[in-house]
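*Asks:* Attaching a single structure in structure tokens format; questions to follow.
There are 2 protein chains.
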Amino acid sequence: MRRSIELPRRSAESACDRSARSRKTFFRKNVLRERARVRKPVVSIKDVASLAGVSIGTVSNVLTGKRAVKAELQVRVRGAVAELGYEPDRSASRLRGGRGRVVAVMVPDLTNPFFASLVAALEAAVRGDGYDIIVGTSNGGPAEEAARLATLLAWRPGGLVVVPCDDAFASAAVIRRSGVPFVVADRVADGIDADQVTVDNRAAGAASAEHVLGLGHRDVVVAASTMALRNIRERYAGIEGAFLSRGLPAPRHIEVGLDLETATDRLDAFVRDECRTSAFIALTNFGTLGVLSTLRRRGLRVPDDVSVIGFDDYAWMRAVSPPLSAVRQPVEAMGQAAWARLRARIDGADGPFERVRLECEFVPRASTAAFGKPLGCERAA
Amino acid sequence: MRRSIELPRRSAESACDRSARSRKTFFRKNVLRERARVRKPVVSIKDVASLAGVSIGTVSNVLTGKRAVKAELQVRVRGAVAELGYEPDRSASRLRGGRGRVVAVMVPDLTNPFFASLVAALEAAVRGDGYDIIVGTSNGGPAEEAARLATLLAWRPGGLVVVPCDDAFASAAVIRRSGVPFVVADRVADGIDADQVTVDNRAAGAASAEHVLGLGHRDVVVAASTMALRNIRERYAGIEGAFLSRGLPAPRHIEVGLDLETATDRLDAFVRDECRTSAFIALTNFGTLGVLSTLRRRGLRVPDDVSVIGFDDYAWMRAVSPPLSAVRQPVEAMGQAAWARLRARIDGADGPFERVRLECEFVPRASTAAFGKPLGCERAA
DNA sequence: TTGAAAGCGCTAACAC
DNA sequence: GTGTTAGCGCTTTCAA
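Here the protein sequences come in this chain order: A and B.
1 is the number of the first residue of the first sequence in UniProt numbering; add one for each residue after it.
1 is the number of the first residue of the second sequence in UniProt numbering; add one for each residue after it.
Shown next as structure tokens:
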């Protein structure tokens, strides 16, 4: 199918000789009518060039700004762009110009508000630089991660931000082979040579621990999603460190898994036989929810019977009663940092890999209270 | 910069004559070495063709399946694809073949878990068909919506799913002009000619109303985000209808805005002077949070003092105490329906515009209780 | 400073 | 059934 517009071939001179008015008339008569006839749906650089009476190269130069163009032509080109509502085809400019103005983002699960917020932060960060975002989710599996990555990478994005679905991060090979600059966010991949943007997990854990310790709690249980993730281990290590440094035994931890039902079940089995715990520290979103859900089910009141510290800080944590003491991750800042680092790599920076470590903020609220008495088994029963 | 690989020009015959083994040897010696030398980062269809000893046309035919290819060549091509880890450049095939295998998704705010879930559902739906998702957020403004839409559309996606930031939906013009098939999700644009996937908002409202009415509540307050949105008005209309049909006066409503702080402030001002309300029905996420937050601030207990119905159904609503009675939107199904409709349009369906209306499910939990006594002003004070 | 033209990687139309 | 080739809409030499 032939879709391009056939224009009577005009020399450069004739285009320049013609006045702006007659050029427009000419354009209307020919180009617009032709466009309507062939039902060409999108306007291309050629249409702009015709209307402005310049070559497509000049249009490109005006738009990319990579080459000086005389002021008068600039005006004509911009006018034509506005009149036609022209927007350069991004696939085409990507194809010709190398990497495209997209950044690919891979997260384990968009349903998890933390990852969703991260994507939101990233989107806000990149759009300022004229980039778009293309998202994929691994939904837990390394196989799916690799597969999604492959199709995302097939757009030849300018860069990639990835939250690996596990520490092994086998897909790193896929990414590296593609040559696309990337940064690993949130999760730290063991011994992976890559730029990383994480949170100071150790400090975050330590802050929670200090808080409950300061309130007099000694028998604390940690609700971790899974110890297979290094960032979780780091958070736990921070808690452990705080206890150990005071000569106290390290708190126990439960792996609650990655969904609410599992979390609740596992915690419930634990709490059923538990007599001493006076505080829970959650290390993830579902840890928080699992703890809350279990305590409710067991009829235990927060903070009267047990204190609870949540992880992440969402609006609902402020709204419910009691509002939750929690560790707030600087999601916004993570997005910005990841983009800053990625941007630098895209622009050719080739220093050593960096790990940006952002600080969390501990937000004390009403779900934690001074230690009174330990959980009585008779109550929990 | 010249990046393509210079191969000694070989005739088709010579390629066919060579055995598979010698072809590979040949390839290794020439192509791989050359690729390394020029540091060409990505493998193209040409590389595959060389290694398989076929023409690029054949490679394309094997991969797209649009033309029959002899079994033996299929095997060779697939082998080469696997060995090289070839993934067709999506921008290039889009450029040549028309619309690309991406669907653009525009939502007001990715930070809102409802929209995030919708994007997640969409991502899950489209990837089964080999599509990717490119996201943009309007963050409240019609101007930003139009701007983001323009860049998203510049990728010439196969389709678009949009949740307009307001009912005016001025950007509809931008979209329509691009010729990209689109479906409007969640929000209903007044008098817009487009496929729509929404929820049966009226029924959802009615279900909430029936629930509280059945519990004996008569003095109910509705927490709406803003009545400027038609889906919110529809939800309210459902509630109103239930009351009116029983000969009861329509419940009052408060516009709580779109963030937690505003919501809490406005509701707080209302509740301060309120003596009669015995139940709140929230019509959005922030309505729910605002109500909860205000009641806590005022020291009112749920459901002892006031019953509360939330909108949307998130994990935290099940975890907190009391767990929230709520209207669950079928987000998953919305994503699937939107994609199904869009897919049909992409494939050329040109019937009249449809509005798919999905049913919500009312989930009764412990935040609603039988009407006891109305709120005493002395308590609220 | 500008226009002409090559070519990015691919698909589809066309030869054979 | 397979190879060759013309572009898709751009960016970027290369001439003028």
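Where a beta carbon is used, it is the ideal one built from N, C-alpha and C, also for glycine.
Using a beta-carbon distance below 8 Å, is P255 of chain B in contact with chain A?
*Replies:* On the second sequence, residue 255 of chain B is found 255 positions in, with the first residue counted as 1. For the sequence presented, residue 255 of chain B should be read as Glu rather than Pro. Answer no: the Cβ-Cβ gap between E255 of chain B and chain A never drops below 8 Å.
*Asks:* Using C-beta distances below 6 Å, list every residue in its chain close to P330 of chain B, excluding the 5 sequence neighbours before and after it, in chain order.
*Replies:* Locating residue 330 of chain B in the second sequence gives position 330, where the first residue counts as 1. Excluding positions up to five away in sequence, the list reads L358.
*Asks:* Assuming I254 of chain A and R266 of chain A are in contact, meaning their beta carbons sit under 8 Å apart, how far apart are those beta carbons, in whole angstroms?
*Replies:* Looking up residue 254 of chain A in the first sequence gives position 254. Looking up residue 266 of chain A in the first sequence gives position 266. Confirmed, about 6 Å.
*Asks:* How far does the beta strand (DSSP E) with A224 of chain A in it extend, from its first residue to its last?
*Replies:* Translated into positions along the first sequence, residue 224 of chain A becomes position 224. Taken as a continuous stretch (DSSP letters only), the beta strand (DSSP E) holding A224 of chain A covers V220 to A224.
*Asks:* Under 8 Å: do the stretch 104 to 122 of chain B and the stretch 154 to 166 of chain B share three or more Cβ pairs, one atom per stretch?
*Replies:* Judged by Cβ distances under 8 Å, the stretch 104 to 122 of chain B makes contact with the stretch 154 to 166 of chain B, as three or more pairs qualify.
*Asks:* Are the beta-carbon atoms belonging to R177 of chain A and G85 of chain B less than 8 Å from one another?
*Replies:* Residue mapping note: residue 177 of chain A aligns to position 177 of the first sequence, counting from 1. Residue mapping note: residue 85 of chain B aligns to position 85 of the second sequence, counting from 1. Yes. Within cutoff.
*Asks:* By the 10 Å Cβ neighbour count, where 16 or more other Cβ atoms means buried, how is D186 of chain B classified, buried or exposed?
*Replies:* Taking the first residue of the second sequence as position 1, residue 186 of chain B is located at position 186. Flag for D186 of chain B reads buried.
*Asks:* Please list the partners that G348 of chain A has in chain B, where partner means a Cβ-to-Cβ separation under 9 Å.
*Replies:* Sequence index remark: in the first sequence, residue 348 of chain A carries index 348 (1-based). Under the 9 Å cutoff, chain B gives no residues; its nearest Cβ is about 14 Å from G348 of chain A.
*Asks:* Got a sec: which bits of the UniProt domain "HTH lacI-type" (43 to 97) of chain A sit with their beta carbon under 8 Å from any beta carbon on chain B, in order along the chain?
*Replies:* Against chain B - using a Cβ distance shorter than 8 Å - the residues of the UniProt domain "HTH lacI-type" (43 to 97) of chain A are G85, E87, P88, D89, R90, S91, A92, R94 and L95.
*Asks:* CB-CB under 8 Å to E234 of chain B, same chain, minus the five flanking residues each way: which ones, in chain order?
*Replies:* Your numbering for residue 234 of chain B matches position 234 in the second sequence. Taken in chain order, the residues that qualify are V188, N201, R202 and G205.
*Asks:* With F362 of chain B as the anchor, note down where its alpha helix (DSSP H) starts and where it stops.
*Replies:* Residue 362 of chain B sits at position 362 when you count from the first residue of the second sequence. Careful: F362 of chain B lies outside any alpha helix (DSSP H), inside the beta strand (DSSP E) at E361 to V363.
*Asks:* Quick check: the Cα distance between A370 of chain B and V363 of chain B, rounded to an integer number of angstroms?
*Replies:* Along the second sequence, one-based indexing puts residue 370 of chain B at 370. Along the second sequence, one-based indexing puts residue 363 of chain B at 363. So the two alpha carbons sit approximately 16 Å from each other.
*Asks:* Using beta carbons (cut-off 8 Å, strictly below), is V38 of chain A in contact with chain B?
*Replies:* For the purposes of this step, residue 38 of chain A is identified with residue 38 of the first sequence, where counting begins at 1. Note that V38 of chain A scores 47 on pLDDT, short of 50, meaning its location in the model is unreliable and no value can be drawn from it.
*Asks:* Would V302 of chain A and P322 of chain A be called neighbours here (beta carbons separated by less than 8 Å)?
*Replies:* Counting from 1 along the first sequence, the entry for residue 302 of chain A is found at position 302. Counting from 1 along the first sequence, the entry for residue 322 of chain A is found at position 322. Against a cut-off of 8 Å, the Cβ pair of P322 of chain A and V302 of chain A comes out as a contact.
*Asks:* Do you know how far the Cα of A173 of chain A is from the Cα of V59 of chain B?
*Replies:* The residue given as residue 59 of chain B occupies position 59 in the second sequence. The residue given as residue 173 of chain A occupies position 173 in the first sequence. Between V59 of chain B and A173 of chain A, the C-alpha separation is close to 25 Å.
*Asks:* Measuring straight from C-alpha to C-alpha, what distance separates V75 of chain A and V69 of chain A?
*Replies:* As a position in the first sequence, residue 75 of chain A is number 75, starting the count at 1. As a position in the first sequence, residue 69 of chain A is number 69, starting the count at 1. If you take the alpha carbons of V75 of chain A and V69 of chain A, they lie about 10 Å apart.
*Asks:* State yes or no: is the beta carbon of R341 of chain B nearer than 8 Å to at least one beta carbon in chain A?
*Replies:* To locate residue 341 of chain B, count along the second sequence from 1; it is residue 341. Closer than 8 Å: no.
*Asks:* How many whole angstroms separate the CB atoms of V306 of chain B and S278 of chain B, which I take to be in contact at a CB cut-off of 8 Å?
*Replies:* Taking the first residue of the second sequence as 1, we reach residue 306 of chain B at position 306. Taking the first residue of the second sequence as 1, we reach residue 278 of chain B at position 278. Yes, they are in contact, since the Cβ atoms of V306 of chain B and S278 of chain B sit about 6 Å apart, within 8 Å.
*Asks:* Using beta carbons (cut-off 8 Å, strictly below), is G136 of chain B in contact with chain A?
*Replies:* In the second sequence, counting from the first residue as 1, residue 136 of chain B sits at position 136. Answer yes: the Cβ-Cβ gap between G136 of chain B and chain A drops below 8 Å somewhere.
*Asks:* Counting only the same chain and skipping the five closest in sequence on each side, list residues whose C-beta sits under 7 Å from that of S117 of chain B.
*Replies:* Start at 1 with the first residue of the second sequence, and residue 117 of chain B comes out as number 117. If we look at S117 of chain B and ignore the five residues flanking it on each side, its Cβ neighbours are V331.
*Asks:* By the criterion of Cβ-Cβ separation under 7 Å, what are the contact partners of S225 of chain A in chain B?
*Replies:* Looking up residue 225 of chain A in the first sequence gives position 225. Correct list: empty, because the minimum Cβ distance to chain B is about 14 Å.
*Asks:* Along the chain, which unbroken stretches of the beta strand (DSSP E) at least 3 residues long are found entirely within the stretch 58 to 133 of chain A?
*Replies:* Listed in chain order, they are 100 to 107.
*Asks:* Here's the rule: buried if 16 or more other CB atoms are within 10 angstroms of the residue's CB, otherwise exposed. What is A143 of chain A?
*Replies:* For the purposes of this step, residue 143 of chain A is identified with residue 143 of the first sequence, where counting begins at 1. It is exposed - the Cβ of A143 of chain A has fewer than 16 other Cβ atoms within 10 Å.
*Asks:* Closer than 9 Å between beta carbons: that is the criterion. Which residues of the stretch 298 to 330 of chain A meet it against chain B?
*Replies:* Going along the stretch 298 to 330 of chain A in chain order, one finds R301, V302, Y314, A315, W316, M317, R318, A319, V320, S321, P322 and P323 with a Cβ nearer than 9 Å to chain B.
*Asks:* Where does G287 of chain A land, buried or exposed, given buried means 16+ other C-beta within 10 angstroms?
*Replies:* Residue mapping note: residue 287 of chain A aligns to position 287 of the first sequence, counting from 1. With 16 or more Cβ atoms within 10 Å of its Cβ, G287 of chain A is classed as buried.
*Asks:* Does the Cβ-Cβ distance between V183 of chain A and P164 of chain A come in under 8 Å?
*Replies:* For the purposes of this step, residue 183 of chain A is identified with residue 183 of the first sequence, where counting begins at 1. For the purposes of this step, residue 164 of chain A is identified with residue 164 of the first sequence, where counting begins at 1. The answer is no: Cβ separation not under 8 Å.
*Asks:* A366 of chain A by DSSP, collapsed to three states: which one?
*Replies:* Here residue 366 of chain A refers to the residue found at position 366 when the first sequence is read from its first residue. If DSSP states are grouped into helix, strand and coil, A366 of chain A belongs with coil.
*Asks:* By how many angstroms is the C-alpha of G100 of chain B removed from the C-alpha of S293 of chain A?
*Replies:* As a first step, residue 293 of chain A is located in the first sequence; it is residue number 293 there, counting from the start. As a first step, residue 100 of chain B is located in the second sequence; it is residue number 100 there, counting from the start. If you take the alpha carbons of S293 of chain A and G100 of chain B, they lie about 45 Å apart.
*Asks:* Residues bridged to S307 of chain A by DSSP?
*Replies:* On the first sequence, position 307 is the one that residue 307 of chain A refers to. A:A279, per the DSSP bridge assignment.
*Asks:* Just checking: is the beta-carbon of R296 of chain B within a distance shorter than 8 Å of some beta-carbon in chain A?
*Replies:* The residue given as residue 296 of chain B occupies position 296 in the second sequence. Chain A, which has a Cβ nearer than 8 Å to the Cβ of R296 of chain B, makes this yes.
*Asks:* Under 8 Å between C-beta atoms, does A150 of chain B make it to chain A?
*Replies:* Counting from one through the second sequence, the residue named residue 150 of chain B turns up at place 150. Output row for A150 of chain B: interface = yes.
*Asks:* Sort A:D347, A:I134 and A:T368 by Cα distance to G98 of chain A and report the nearest one.
*Replies:* Against the first sequence, residue 98 of chain A aligns to sequence position 98. Of the candidates A:D347, A:I134 and A:T368, the one whose C-alpha sits nearest the C-alpha of G98 of chain A is A:D347.
*Asks:* Cβ of D129 of chain B within 8 Å of Cβ of L152 of chain A?
*Replies:* As a working mapping, residue 129 of chain B is identified with position 129 in the second sequence. As a working mapping, residue 152 of chain A is identified with position 152 in the first sequence. Not closer than 8 Å, so no.
*Asks:* Looking only at DSSP bridge pairs, what is Q196 of chain A linked to?
*Replies:* Looking up residue 196 of chain A in the first sequence gives position 196. In the DSSP output, where bridge partners are listed per residue, Q196 of chain A has A:V184 and A:R355.
*Asks:* Please classify S91 of chain B: is it buried, with 16 or more other beta-carbons within 10 angstroms of its beta-carbon, or exposed?
*Replies:* The residue given as residue 91 of chain B occupies position 91 in the second sequence. Looking at its Cβ environment, which holds 16 or more other Cβ atoms inside 10 Å, S91 of chain B is buried.
*Asks:* Chain B beta carbons: is any one of them nearer than 8 Å to that of G100 of chain A?
*Replies:* Residue numbering aside, residue 100 of chain A sits at position 100 when the first sequence is read from its first letter. At least one chain B Cβ lies under 8 Å of G100 of chain A.
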